[in-house]
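Chains as they are written, first to last, in our numbering: chain A, 1 to 447; chain B, 1001 to 1463.
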């Protein structure tokens, strides 16, 4: 179904002048977002969008331009802009497009026709059902900040003068809600969601139960005293840290002297319990994909194995510069040139259920939510400090809720201080998979 | 961008199925950016986004559709989709007559960035790179970015409003990595204004680069930040994000209406220390959050949110104001034609007090001095917020002493506002910011004088 997009990409590539390398990325997407409030639709947005990004390399110089349109005139203007931009770049002997590497693009089940044919009225019904079950989940639920249904159907084609020609199509949908729980004049919030590739994958009750439980269990929360404690990160929190850890393993950061693991390949960088993989071919992952942003096959890469650093991820440019091959980790939208990044990171799970992990801790904190990660974690220095909320752990059991505190350490130390990885792998609407993680000796800063 | 007769026709179609309000928002935006990293100008990027978003309101339901096709046929198809999404029932004829108004921002753009040769933009990158590296051998990496955009918008609605605006923004940032015995640290400096290339008459890029390099070098010698509660002095211009997070978001009428704000029902009450006056001001000339009209066509305003500690008003967009039978405060903004507008801040700031900033520092025996805050985040329903400190020092015996490594501060909005116990006479605006809400980013500015919060929780690792 993306053949017409590939035809456009082919036409752009055919316009290459002698000496020019050209790559065209052409995308099209259909999105629906429905927000409900008070049992009725608050807003319903439906839209189709498209765009083209054109990259040109001439004699070691690269230029780029994009347009949010597939009109012939917009494409012609974009091509001319990209061409004009080439001359201003600095010569770089490694600049160039990805070359086909012989790795076969995996056949993944990422597109569901059932998503395409699902009626708008049924989408509305799902969102209204979500709000209804959240409100009914607990008498202390006083309202919702949001309850929404969203889906997307996206198609992309990449073609280049280096011989790349790929197309892909993916569907996804999710339900998400923020619930408010109130007791007296205190209000606490909690979120819940359900993700899938087609509506039959979604369960409103699961999202509602999670949101209500997260909100109600925070009622009565107090600020904990400061100290050094063992912390259990819940899967949602672990996934956010893995997303940041992924940045430190990006081959471009390594080459440019921005990775704290730059010289550490083959060395132990963390607890032997840690095995970190980037596997976009696992279709359970929300960000699973068959090809990367340069049209090379997506693949499973083991980055850290039993605590030992094994590999950095690369796109074609960073690989060429590092004297290695692309790991299929070019990341991009149509509005930018490919950068390097993990596509779907995950820890290999351990054998203990979360309850068993908690049972082994005398004095600690279960962190169920962190805030300010974008300002509180510096992936270059490794320093981190984030706002947190959750439940105190006393004598192996969950105790009173706690809020308005921070947890702090460095990424380097935190990897060494991992004491257990849970068995509770959780797939989330992001590029990292969650699992419970026990980390010793984090600084809790509170009263 | 679109003919008046076509707009009237499209709005008529949007209202045909019983709509109570319909709006066409069209946008033609051109972006240009250039990045120098690792000693090389990596690439120049040019981009163009053009399209229209149409919304139709029926009762409490808003239907919205957008299209990149600005022909009459494309707009009518989007209007029909938006009307269907709003599930309008009744039929009828709707005639919309538009009354064209002009948008004014009180100053002119001197040099449109689109008229500046690309070579001149690239030259700035090279100069900043050289200046940052010249600061010292410990500067191990430098990244410089330049960006400009020109955004032409058109808003027409079934109330007859018809207005167009043309906004130009220019941005420049330098990020440095310094490497020392204890690892790497980073420093950044950024400037952005709602003006053209004349921004570079206001700033010396060499100096901006040296500021970024100095910040990274200073932190090489930094010690871990303390943990626990203590007084915090925030430097002039460095901490407007405190008010953006501690009260700004909680004063957005859409969150208030849903009960998702700790400031609900508190208008007229003392919510902050005496002397604290917080303003959101889209008219602030040349600032990053400046707008002539908001993205619903309403003129920008200067809105006093908290006056001498008393909560005076929330911020409003068209939809929330209409429900309450009042006027929008000019705070309806959206990221692009692909998004619905909602209540957003513009330039949010705390007015200056009367104290000498030096004496505020000297009268703080022990605590932390934060020269620059980073980004933040707030849960408006609980009021709990965090923000990062990107440049901070220990305060010992009333003096600024050792630099501190990065960390977050955490507090509760209503509590922190009551704990402001000193306000300096040295107001300044801070660096440009991007505020995110429901996945939409819009440019915002902020500013503060030197101020002291008597107690905040510092999230460091030192005891």
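Positions of the beta carbon are idealized from the N, C-alpha and C atoms, including for glycine.
Whole-Å CB distance - residue i paired with residue j, under 8 angstroms assumed
i               : j               : result
residue 433(A)  : residue 425(A)  : 6 angstroms
residue 1458(B) : residue 1373(B) : Their Cβ separation, rounded to whole angstroms, is 12 angstroms, which puts residue 1458(B) and residue 1373(B) out of contact at 8 angstroms.
residue 1063(B) : residue 1055(B) : 7 angstroms
residue 1209(B) : residue 1132(B) : 4 angstroms
residue 258(A)  : residue 155(A)  : Incorrect: roughly 34 angstroms between the Cβ atoms, too far for contact.
residue 1446(B) : residue 1348(B) : 5 angstroms
residue 366(A)  : residue 398(A)  : 6 angstroms
residue 1022(B) : residue 1015(B) : 5 angstroms
residue 1192(B) : residue 1162(B) : About 30 angstroms; that fails the 8 angstroms criterion.
7 angstroms Cβ cutoff, residue i in contact with chain B
i              : result
residue 414(A) : no
residue 419(A) : no
residue 198(A) : no
residue 317(A) : no
residue 44(A)  : yes
residue 143(A) : yes
residue 408(A) : yes
residue 445(A) : yes
Closer than 7 angstroms to chain A by CB, residue i
i               : result
residue 1405(B) : yes
residue 1227(B) : yes
residue 1145(B) : no
residue 1044(B) : yes
residue 1290(B) : no
residue 1033(B) : no
residue 1057(B) : no
residue 1318(B) : no
residue 1015(B) : no
residue 1184(B) : yes
residue 1408(B) : yes
residue 1141(B) : yes
residue 1065(B) : yes
residue 1386(B) : yes
N-terminal and C-terminal residue of the beta strand (DSSP E) that residue i is part of
i               : result
residue 1454(B) : 1451-1459
residue 1145(B) : 1139-1157
residue 1184(B) : 1183-1193
residue 1318(B) : Per DSSP, residue 1318(B) belongs to no beta strand (DSSP E); it is in the alpha helix (DSSP H), 1318-1324.
residue 194(A)  : 186-196
residue 182(A)  : 165-183
residue 66(A)   : 61-67
residue 1393(B) : 1384-1396
residue 1432(B) : From DSSP, residue 1432(B) is part of no beta strand (DSSP E); its letter is neither H nor E.
Residue closest to residue i, alpha-carbon to alpha-carbon, out of the options
i               : options                               : result
residue 266(A)  : 308(A), 124(A) and 196(A)             : 308(A)
residue 10(A)   : 264(A), 161(A) and 350(A)             : 161(A)
residue 83(A)   : 118(A), 227(A), 275(A) and 62(A)      : 62(A)
residue 1071(B) : 1253(B), 1007(B) and 1104(B)          : 1007(B)
residue 32(A)   : 1140(B), 1082(B), 1030(B) and 1023(B) : 1082(B)
residue 44(A)   : 124(A), 228(A) and 183(A)             : 124(A)
residue 1412(B) : 1399(B), 1272(B) and 1121(B)          : 1272(B)
residue 1336(B) : 1295(B), 1421(B), 1361(B) and 1365(B) : 1295(B)
residue 87(A)   : 256(A), 141(A), 389(A) and 64(A)      : 64(A)
residue 1036(B) : 1124(B), 1069(B) and 1022(B)          : 1124(B)
residue 294(A)  : 280(A), 279(A) and 330(A)             : 330(A)
Cutoff 6 angstroms; reference residue i; Cβ partners in own chain excluding five residues on either side
i               : result
residue 1444(B) : 1289, 1345, 1433 and 1435
residue 361(A)  : 230 and 393
residue 25(A)   : 53, 158 and 334
residue 359(A)  : 396
residue 1431(B) : 1190
residue 205(A)  : 133
residue 146(A)  : 178
Residue interval of the alpha helix (DSSP H) (run including residue i)
i              : result
residue 115(A) : 113-116
residue 83(A)  : 72-86
residue 415(A) : 411-416
residue 246(A) : 235-248
Heavy atom of the ligand PLP within 6 angstroms of residue i beta-carbon
i              : result
residue 316(A) : No copy of the ligand PLP appears in this structure; indeed no ligand is present at all.
Spatial neighbours of residue i in its chain, beta-carbon cut-off 8 angstroms, leaving aside the 5 residues before and after
i               : result
residue 1013(B) : 1076, 1079, 1080 and 1083
residue 274(A)  : 304, 306, 307, 347, 415, 418 and 421
residue 378(A)  : 384
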